[in-house]
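Asker: Here it is: the structure, laid out below.
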Amino acid sequence: MPPYAPPSRHAIRLRINGTTCEMEVESWTTLLDLLRGPLDLTGTKKGCDHGQCGACTVLVDGVRVLSCLTLAVMTDGREVTTVEGLAQGDQLHPLQQAFIEHDAFQCGYCTPGQLCSAAGLANEGHAKTLDDVRELMSGNLCRCGGYVQIAQAVAQVVLGPGPHASEVAHEAWIAGTTVNAGKAKAKA
1 MPPYAPPSRH AIRLRINGTT CEMEVESWTT LLDLLRGPLD LTGTKKGCDH
51 GQCGACTVLV DGVRVLSCLT LAVMTDGREV TTVEGLAQGD QLHPLQQAFI
101 EHDAFQCGYC TPGQLCSAAG LANEGHAKTL DDVRELMSGN LCRCGGYVQI
151 AQAVAQVVLG PGPHASEVAH EAWIAGTTVN AGKAKAKA
C-alpha cells in the first residue's frame with residue numbers, strides 16, 4: 001500500500017477588495033470558506049451553505065456569485081468584491097446609504113449578501129421597474145421580512161427617484177404586485 005499523501009494544494013492569485021492575494025488552497029475549498037477563514041473577511045455570511053439563501057453573495061469580476069458554491073480555485077486571476085469592499089474608505093457605497101435611509105435591514109445577517117447582490121444587479125443593468133428589482137433580488141432571502149425596504153433601497157439607487165420609492169409602491173407591494181400601483185395612486 002502506498003504511503004499516505006497529503007491533499008494537493010493549488011496556488012491561486014486573486015484580487016480581493018482591491019488587494020492582491022496569493023495563497024495555496026485545497027481543491028475543495030469554497031470561496032466562502034476562504035473569505036471567512038484565512039482571509040478573515042467575515043462580512044460574507046454562511047447561511048444555508050447550499051446556494052439557496054443568498055447570504056454568501058459576493059461579486060466576482062462585477063458579477064454576483066454564491067460564494068458557498070464557488071470553489072476558490074475558480075477565482076484564480078479574478079477580482080472579488082465582498083461587502084467590506086463596497087465602501088471607499090469612510091464613504092459608504094450608495095447602496096449602503098440607501099439601506100440605512102430605508103431601514104432595509106433588521107437583524108442584518110442577510111444584509112451583506114443583499115448589498116452585493118444589489119451591486120451586481122446594478123452592474124447587469126436589467127432592472128427597469130420595481131417589479132424587476134424584486135424579481136432580480138429574489139435569490140436573496142430575508143428571514144426578518146425586510147423585502148419592502150430592501151426593494152425600495154435598491155430601486156432608489158438602480159432606478160433613481162420615482163414612484164417606486166413612494167407610498168404608492170409600498171401599498172402596491174403590500175397588495176402583492178405593482179400592477180396595483182395605478183389603483184393605489186388613484187386612491188391617493
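Each residue of the sequence shown is one higher than the last, beginning at 1 in the UniProt record's numbering.
The beta carbon of each residue, even a glycine, is placed where N, CA and C say it ideally should be.
Please read all numbers here as calculations on a predicted model, not as lab measurements.
Let me know the secondary structure DSSP gives R36 once reduced to three states.
Answerer: Taking the first residue of the sequence shown as position 1, residue 36 is located at position 36. Three-state DSSP puts R36 in a helix.
Asker: Along the alpha helix (DSSP H) that carries C116, what are the first and last residues, could you check?
Answerer: Along the sequence shown, read from residue 1 onward, the residue named residue 116 stands at position 116. From DSSP, the alpha helix (DSSP H) with C116 extends over 111-124.
Asker: For a quick check, are the C-beta atoms of H10 and E26 less than 9 Å apart?
Answerer: Numbered from its first residue, the sequence shown carries residue 10 at position 10. Numbered from its first residue, the sequence shown carries residue 26 at position 26. Yes, the Cβ-Cβ distance between H10 and E26 is below 9 Å.
Asker: Just the Cα atoms here: how many angstroms apart are residue 197 and T20?
Answerer: No information on residue 197 is available, as it lies outside the stretch 1 to 188 that the chain covers here.
Asker: A72 by DSSP, collapsed to three states: which one?
Answerer: Within the sequence shown, the letter at position 72 stands for residue 72. Three-state result, A72: helix.
Asker: In angstroms with no decimal places, state the Cα-to-Cα distance between residue 200 and G77.
Answerer: Residue 200 falls outside the range modelled here, since the chain spans only 1 to 188, and no answer is possible.
Asker: Do the region 86-102 and the region 146-154 touch if we need at least three Cβ pairs shorter than 8 Å?
Answerer: Enough Cβ pairs lie closer than 8 Å, so yes.
Asker: Round the Cβ separation of L31 and S67 to the nearest angstrom and send it over; I've been treating them as touching at under 8 Å.
Answerer: Residue numbering aside, residue 31 sits at position 31 when the sequence shown is read from its first letter. Residue numbering aside, residue 67 sits at position 67 when the sequence shown is read from its first letter. Right, their Cβ atoms sit about 4 Å apart.
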